[in-house]
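Using the UniProt record's numbering, the first residue of the sequence shown is number 1, and each one after it goes up by one.
Beta carbons are placed, not taken as given, at the ideal position from N, Cα and C, and that holds for glycine.
Given the structure is predicted, the values throughout are model-derived calculations rather than measurements.
Structure record follows, encoded as structure tokens.
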Amino acid sequence: MVGRAPSTENDDADIALMKVHSPAHDISRSHAMIAPSRWGFDVIDMDSTNGTVVEHPDGEEIYVDPGKTVGISAEDTIQIGDGVTLHIEYWD
Numbered sequence: 001m002v003g004r005a006p007s008t009e010n011d012d013a014d015i016a017l018m019k020v021h022s023p024a025h026d027i028s029r030s031h032a033m034i035a036p037s038r039w040g041f042d043v044i045d046m047d048s049t050n051g052t053v054v055e056h057p058d059g060e061e062i063y064v065d066p067g068k069t070v071g072i073s074a075e076d077t078i079q080i081g082d083g084v085t086l087h088i089e090y091w092d
């Protein structure tokens, strides 16, 4: 879970929390969740105020609707606001 003050509803110990700085408060408290999937990873927008965008290496941007899930690959970049971008690295 990524956000400026992330938390989970049930204090789920299996979910890692990553706090990011958001001086303009563009990033919601619990903004997005990144989870492994069958094909790589998923990003889930946690009903954030300002949205989440996935950018593919070719420049195509996909807006993640609030509460929705989008599959991502290691080459994609996740934009969550305030200039904060996330990049997933993993090894098989």
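(message) Using DSSP's beta-bridge definition, name the partner residues of Pro36.
(response) By 1-based counting over the sequence shown, the position of residue 36 is 36. According to DSSP, Pro36 bridges with Phe41.
Beta-carbon separation (whole angstroms), Val64 vs Gly51, contact threshold 8 angstroms
Start at 1 with the first residue of the sequence shown, and residue 64 comes out as number 64. Start at 1 with the first residue of the sequence shown, and residue 51 comes out as number 51. Rounded, the Cβ-Cβ distance is 7 angstroms, consistent with contact.
*asked:* Closest to Val43 by C-alpha separation, out of Ile78, Arg4 and Pro57, would be which residue?
replied: Counting from one through the sequence shown, the residue named residue 43 turns up at place 43. For the residues Ile78, Arg4 and Pro57, the minimum Cα distance to Val43 belongs to Ile78.
Look at the Cβ atom of Val2, then the Cβ atom of Ala32, and state whether they are nearer than 9 angstroms. Taking the sequence shown and counting its residues from 1, the one referred to as residue 2 is at position 2. Taking the sequence shown and counting its residues from 1, the one referred to as residue 32 is at position 32. With respect to Ala32, Val2 sits close: the two C-beta atoms are nearer than 9 angstroms.
For the beta strand (DSSP E) that contains residue 95, what are its first and last residues? Residue 95 cannot be examined here, being either before or after the span of the chain that is shown, 1 to 92.
Original post:
Quick one, are the C-beta atoms of Gly71 and Phe41 less than 9 angstroms apart?
Top reply: Within the sequence shown, numbered from 1, the residue matching residue 71 stands at position 71. Within the sequence shown, numbered from 1, the residue matching residue 41 stands at position 41. Cβ distance < 9 angstroms, so Gly71 and Phe41 count as in contact.
- Task: Measure how close the beta-carbons of Thr49 and Ser28 come, nearest whole angstrom, since I'm counting them as under 8 angstroms.
- Result: Locating residue 49 in the sequence shown gives position 49, counting from the first residue. Locating residue 28 in the sequence shown gives position 28, counting from the first residue. Yes, Thr49 and Ser28 are in contact; Cβ-Cβ is about 5 angstroms, under 8 angstroms.
Report task. Give the DSSP-derived three-state secondary structure of Val64 in the structure shown. Result -> Counting from 1 along the sequence shown, the entry for residue 64 is found at position 64. DSSP places Val64 within a strand segment (E or B) once states are collapsed to three.
* Between Ala5 and Thr85, what straight-line distance do the alpha-carbon atoms span, to the nearest angstrom? -> In the sequence shown, the residue the question calls residue 5 occupies position 5. In the sequence shown, the residue the question calls residue 85 occupies position 85. The alpha-carbon atoms of Ala5 and Thr85 are separated by roughly 17 angstroms.
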